[in-house]
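Structure record follows, encoded as structure tokens.
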Amino acid sequence: MMDISPIWISLKTALSASLLAMLAGIYAAWWRNGKNRPGLYWLDAFLMLPVAMPPTVIGLILLFIFGHQSPIGQVLQSMGISIIFTWPAAVIAAAVISFPLAYMTLRAAFRQVDASILDSARLDGISESGLLWRILIPLAKPGVAASFLLCFIRSLGEFGATLMIAGNIPGRTQTIPLGVYFNVESGNYTLAWILAGVSFVVSLTVIHIVTRLEAED
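Numbering of the sequence shown is given in numbering that gives the first Met the number 0, commencing with residue 0 and proceeding in unit increments.
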């Protein structure tokens, strides 16, 4: 019987990672919106690093941060929490890798919203949180949706950082990219092609939706 668990693991990992990346991206893009101080461009560069650096390097950094010998890892261990080589590690890796896409596309979406609308809402006494969630995000909805979908397909294809911090544990952390690689390595081309086909169909569908959203925006 073929093990198709990588499909389910990939889908739930990509969904969870995308939600995390989007939440962080929304607040980061909202805070950055309208600020043009020169020093902030270095912050932009730092936040975009995960999409520019090799995923294995990002995985190594995450391994250092959450490893059992690190301060964070030791605190988590004292609480009975272990991150390394678990499914949450796969989510963290995918979220970190996909975050730059969320940040970049959300900033672009927020910039397209007329600033005078936001200023009028502030004059009416709306809170900053209400301004973000009740006005800005609904007005930028096509861009926000496209951002989420881009995060999803990037998370779905994540390999290097996931392998470094979550490992390749069948039924637990083996995602579609890991399943394809290790099934090819073991000579199981049938399952590798099935997983590759699922990845192709899902990615093509998501990209089609993104292009439609961009056309409507």
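Backbone N, C-alpha and C fix where the C-beta goes; we use that ideal spot for every residue, glycine too. Since we're looking at a predicted model, the values are computed, not measured.
Going by the CB atoms, is the gap between residue j and residue i shorter than 8 Å?
i: residue 102; j: residue 51; result: no
i: residue 71; j: residue 64; result: yes
i: residue 93; j: residue 154; result: yes
i: residue 49; j: residue 95; result: yes
i: residue 178; j: residue 5; result: yes
i: residue 21; j: residue 147; result: yes
i: residue 84; j: residue 166; result: yes
i: residue 202; j: residue 125; result: no
i: residue 97; j: residue 160; result: no
i: residue 149; j: residue 200; result: no
Which residue wins for smallest C-alpha separation from residue i, given the options the options?
i: residue 81; options: 98, 97, 62; result: 62
i: residue 141; options: 123, 172, 167, 109; result: 109
i: residue 174; options: 213, 125, 119, 90; result: 90
i: residue 134; options: 113, 144, 149; result: 113
i: residue 43; options: 139, 15, 24; result: 24
i: residue 204; options: 145, 176, 215, 188; result: 145
Taking the alpha helix (DSSP H) that residue i belongs to, which residues open and close that run?
i: residue 67; result: Premise fails: residue 67 is in no alpha helix (DSSP H) and is neither H nor E.
i: residue 11; result: 4-31
i: residue 1; result: No alpha helix (DSSP H) contains residue 1, which DSSP labels as neither H nor E.
i: residue 139; result: Note, residue 139: premise wrong, no alpha helix (DSSP H); not H, not E.
i: residue 46; result: 39-46
Is DSSP giving residue i helix, strand or coil here?
i: residue 114; result: helix
i: residue 173; result: coil
i: residue 104; result: helix
i: residue 193; result: helix
i: residue 54; result: helix
i: residue 158; result: coil
i: residue 126; result: coil
i: residue 121; result: helix
i: residue 36; result: coil
i: residue 81; result: coil
i: residue 186; result: coil
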